[in-house]
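Okay, structure first, notes after.
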Amino acid sequence: MGWGRLGTQAPTPRVLQELNVTVVTFLCREHNVCTLVPRRAAGICFGDSGGPLICNGILHGVDSFVIRECASLQFPDFFARVSMYVDWIQNVLRGAEP
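Sequence positions in the sequence shown follow full-length UniProt numbering and run 1 to 98.
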């Protein structure tokens, strides 16, 4: 979900975008959740950074980066895995020093 470009050279959209994706493991590290859209050039792009990866109403990732270009058929999109940062998030919300 996001307001990012619909392609590397495309303008930003006027309507909030959302996309159904598949979670993949190749090239992905423990602190990331990686996604692809099978058989379709679609995914996160410039302007989407910080956007959510939501599954069944639960935030699982925060849009982080792409490899080479937007909407790659070869490389997944990378999201920061929220579960790796829960303690830090809770400390910040409580006003504790990070």
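C-beta atoms are modelled at their ideal positions from N, C-alpha and C, and glycine is treated no differently. Quick caveat: nothing in here was measured; it's all calculated off a predicted structure.
- Under a 10 Å Cβ-count criterion, R81 is classified as buried, with 16 or more other Cβ atoms of the shown protein chains found around its own Cβ.
- Short of 7 Å from the beta carbon of R68, and not among the five residues preceding or following it, lie these beta carbons of its own chain, in chain order: F75.
- With respect to G50, F79 sits apart: the two C-beta atoms are not nearer than 8 Å.
- For S83, the closest alpha carbon among the candidates L53, A96, A71 is that of L53.
- Assigned with DSSP and collapsed to three states, D87 falls in helix.
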